[in-house]
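Q:
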Amino acid sequence: MKYHHKTMKIIYKIKLLIFIFLFLPVKLLLAQKEDDKRMKIELIVKDGKNTTSSALKSFTTSYNRTLVTSEKKTPEKAPNHEEDVVKPFYLSMDFERQDIPILKAFSDNRTGIDVLINVTDTYGKLPSRKFEFKSAVMDIMTDQVVGESTAAYITVGCIGLTIDGVKIDP
Numbered sequence: 090m091k092y093h094h095k096t097m098k099i100i101y102k103i104k105l106l107i108f109i110f111l112f113l114p115v116k117l118l119l120a121q122k123e124d125d126k127r128m129k130i131e132l133i134v135k136d137g138k139n140t141t142s143s144a145l146k147s148f149t150t151s152y153n154r155t156l157v158t159s160e161k162k163t164p165e166k167a168p169n170h171e172e173d174v175v176k177p178f179y180l181s182m183d184f185e186r187q188d189i190p191i192l193k194a195f196s197d198n199r200t201g202i203d204v205l206i207n208v209t210d211t212y213g214k215l216p217s218r219k220f221e222f223k224s225a226v227m228d229i230m231t232d233q234v235v236g237e238s239t240a241a242y243i244t245v246g247c248i249g250l251t252i253d254g255v256k257i258d259p
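Numbering (the working numbering), first residue to last: 90 to 259.
1. What are the start and end residues of the beta strand (DSSP E) that includes Ser196?
2. So, under 8 Å CB-CB, Asn229 and Thr244 are touching, yes? Tell me the CB distance rounded to an integer number of Å.
3. Mind checking whether Ala225 and Ile202 have CB atoms under 8 Å apart?
4. Given that a residue counts as buried once 16 or more other Cβ atoms are within 10 Å of its Cβ, and exposed if not, what is Ile191?
5. Three-state secondary structure (DSSP) at Asp124?
6. Report the residue from Thr251, Ile130, Thr211 whose alpha carbon sits nearest the alpha carbon of Met182.
7. Which same chain residues, not among the five before or five after Thr141, have their C-beta less than 7 Å away from its C-beta?
What follows is the structure, given as C-alpha cells:
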C-alpha cells in the first residue's frame, strides 16, 4: 500500500510539472503578444488651424487609376465643382474605438483636410514610414460594438498621396 501511495504522489508531481512546462509558456507568450505592439501608427489630421492626433490599430491605402481616366475630373480640370472631382486615393483606418475629435474633424469639413500617418518600429529595426494624404474627405464610417470590445473604421477619399517622399500622381 505504501508503494502505491508514493507512486501516485510521483505521478501527480510529474503531471504538475508537465502542465507547468507545457501550458505556462503558452499563456506567457499570448499575454506578451497582446501588450507587444511593434509598429506604432500615429494619425495626424490638419483641419485648417486645428491639428488632431490619434493612434491607429492599422490602415490600408489604395489607388484606383481607372477613376482618373473616367469622365470625372481632376481638381485642375474642375476647380469650381468639388462634387465632380475624382478622388483616386483611398485611406481606410482601423481604430481601437471611435475617436470623436477625429470623427468631428472629418464630419465638419466637406472640402477635404490633410492627413499624415507616421509609422514607427518600436524595436528600432525598420525605418520609419510617412504617408501624406491631400484633401481627404470621409466616404465611409463604421462604429462597431461587440460585447466587451469596440472598433471603428473610417475610409476617406483623397486627391493626393505621398508615400515616404514619393508623390504618386493621379
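From the three backbone atoms N, C-alpha and C, an ideal C-beta is built for every residue, glycine too.
Every value quoted in this text rests on a predicted model; they were computed, and no experiment measured them.
A: This is what the structure gives:
1. Annotation: Ser196 is outside any beta strand (DSSP E); the continuous alpha helix (DSSP H) that includes it extends over 189 to 197.
2. Reading the sequence as shown, one finds Ile at residue 229 and not Asn. Yes, Ile229 and Thr244 are in contact; Cβ-Cβ is about 4 Å, under 8 Å.
3. Contact: yes.
4. Counting the other CB atoms within 10 Å of its CB gives Ile191 a total of 16 or more, which places it among the buried residues.
5. Because the pLDDT of Asp124 is 49, which lies under 50, any placement of that residue in the model is unreliable, and the number read from its coordinates should be weighed accordingly. DSSP places Asp124 within a helical segment (H, G or I) once states are collapsed to three.
6. Checking every option, the nearest Cα to that of Met182 belongs to Ile130.
7. If you ignore the 5 residues before and after Thr141, its C-beta comes within less than 7 Å of the C-beta of Val134, Pro190, Ile191, Ala194, all in its own chain and listed in chain order.
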